[in-house]
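Here the sequence shown stands for residues 220 to 575, where the numbers follow our numbering.
In this text, a Cβ means the ideal position worked out from N, Cα and C, and glycines have one as well.
Since the model is a prediction, treat every value here as computed from it, not as a measurement.
What follows is a set of notes on a single structure, which appears directly below.
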Amino acid sequence: MKRPAKFIFMVHPPEEKDLFRIPQLRFLKHLPKGIPERLVGSLGPFPLFKIKGIETTDGKKAEGWVLGLLSTPKLMLQKKPEKTYKLLVKASKWGQKYGAKIMGLGAFTSVVGDAGLTVAERSPLVVTTGNSLTVAATIKSIERILELTKRDIGKEKIAIVGATGSIGKAVAKLLAKKGARLILISKTKEKLETLARKLGKNVVSFGTSSNLLKDVKLIVGATSSSGKAIPVEKLNPGSVIVDIALPPDLSKDEAAKRTDCLVLESGEILLPGNPEFSYDWPLPKNIAYACEAETILLSLTESFELSTLGREIDIAKVEKIWKLAEKNGFKWAGFRSFGQDLSEENVLNFLSKNNF
Numbered sequence: 220m221k222r223p224a225k226f227i228f229m230v231h232p233p234e235e236k237d238l239f240r241i242p243q244l245r246f247l248k249h250l251p252k253g254i255p256e257r258l259v260g261s262l263g264p265f266p267l268f269k270i271k272g273i274e275t276t277d278g279k280k281a282e283g284w285v286l287g288l289l290s291t292p293k294l295m296l297q298k299k300p301e302k303t304y305k306l307l308v309k310a311s312k313w314g315q316k317y318g319a320k321i322m323g324l325g326a327f328t329s330v331v332g333d334a335g336l337t338v339a340e341r342s343p344l345v346v347t348t349g350n351s352l353t354v355a356a357t358i359k360s361i362e363r364i365l366e367l368t369k370r371d372i373g374k375e376k377i378a379i380v381g382a383t384g385s386i387g388k389a390v391a392k393l394l395a396k397k398g399a400r401l402i403l404i405s406k407t408k409e410k411l412e413t414l415a416r417k418l419g420k421n422v423v424s425f426g427t428s429s430n431l432l433k434d435v436k437l438i439v440g441a442t443s444s445s446g447k448a449i450p451v452e453k454l455n456p457g458s459v460i461v462d463i464a465l466p467p468d469l470s471k472d473e474a475a476k477r478t479d480c481l482v483l484e485s486g487e488i489l490l491p492g493n494p495e496f497s498y499d500w501p502l503p504k505n506i507a508y509a510c511e512a513e514t515i516l517l518s519l520t521e522s523f524e525l526s527t528l529g530r531e532i533d534i535a536k537v538e539k540i541w542k543l544a545e546k547n548g549f550k551w552a553g554f555r556s557f558g559q560d561l562s563e564e565n566v567l568n569f570l571s572k573n574n575f
């Protein structure tokens, strides 16, 4: 019998308060704010928990470890990227000893520095950010919203906040390919102008101001600016925000100020088989973030040439990875909002009630 393919996947605490969920670090809770993350932020990687039981219908199996750094995104931005690179390369060497062939960079570890390129050069393992499957799952979420409301993507206005980031840009390109009318928002004006020129007639408007949200009700959040990248006061009643970012672009507290708008998590995938997580994972046991699911998929199929790196995502690769995922029993996980499953009936009722 063939042994399961092995992988490792990197995570980190979104904020300092998340450090205190680790029993061994709870004593730090009594220190002044900012001190705990500085004390432990350079430590790691640590094996956190194992995932097993992933199996395709044709019998391919995978298992792996989730490894953690203790650095928050805030701290990673303050430090030189080199410090994070060293921790990730150290993790890859741990993975090599474990028998893994691929390492996935979760959340902000896929953003820091050059988005995985340097780490991949130094790592004994294949490295992926997992962003291709994240983009594919986002497109699926948008398509399903429009299918439920019987709307034509070719006539739909869709805003992308963070349009010049790697994920935002790839989402924009794929939506343009499908004929959507786009409103592009980003802080980087020159990159925004370049992207708008490339997408041509599909771009209705673009700019750096969130005032552009007044012209749209379907919004993609792709900035990773931690909680307030999308000002809730600028949203139209009945707006739907498909939030790709980890940490999210719209926090639960901010979203609670607008009960007439719906925030949907994006980029979650239903895994094949009967996955077991040896930890209280924040998602249902058979669901993984798409960046993690891409790591698992490439491990299972040994399709390492499809790994995603850097800030330019090849949309042809996104389409290939989605086909490969479907072929091997990976599925779009449906709608969720701040950790809660939402049935399609509930989503449709909300959209109808709030005049989406």
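In this structure, V439 lies near G387, with their beta-carbon atoms less than 8 Å apart. For A415, the enclosing alpha helix (DSSP H) begins and ends at K408 to L418.
A residue is called buried when at least 16 other Cβ atoms come within 10 angstroms of its Cβ; L437 meets this threshold and is buried.
A356 sits buried, since 16 or more C-beta atoms from the chains shown fall within 10 Å of its C-beta. For E362, the enclosing alpha helix (DSSP H) begins and ends at N350 to L367.
For Y317, the three-state secondary structure derived from DSSP is helix.
The C-beta distance from V354 to V566 rounds to 21 Å, too long to fall under 8 Å, and the pair is not in contact. The C-beta separation of T303 from V331 comes to about 5 Å, placing the pair in contact by the 8 Å criterion. Distance from the CA atom of L502 to the CA atom of S329, rounded to whole angstroms, is 20 Å. The alpha-carbon of K539 is positioned some 34 Å away from that of S429. When the alpha-carbon of I379 is set against those of K279, I402, R363 and L570, the nearest one is in I402. Listed as beta-bridge partners of S556 by DSSP are Q559. Contact between the region 539-556 and the region 479-486 is present, with at least three C-beta pairs closer than 8 Å. Per the Cβ contact rule, the region 457-476 is not in contact with the region 392-409 (fewer than 3 Cβ pairs under 8 Å). Three or more Cβ pairs closer than 8 Å define a contact, and the region 231-238 meets that threshold against the region 274-292. Collapsing the DSSP output to three states places A448 in coil.
Here the C-alpha atom of F575 lies approximately 45 Å from the C-alpha atom of L306.
The beta carbons of N350 and S385 sit closer together than 8 Å. Following the DSSP letters along the chain, one finds L502 in no beta strand (DSSP E), marked with neither H nor E. The beta carbons of A281 and F226 sit closer together than 8 Å. Judged by their CB atoms, L432 and S424 are not nearer to each other than the 8 Å cut-off.
Annotation: the continuous beta strand (DSSP E) that includes V461 extends over V459 to D462. Classified as buried, P264 has 16 or more neighbouring CB atoms from the shown chains inside 10 Å of its CB.
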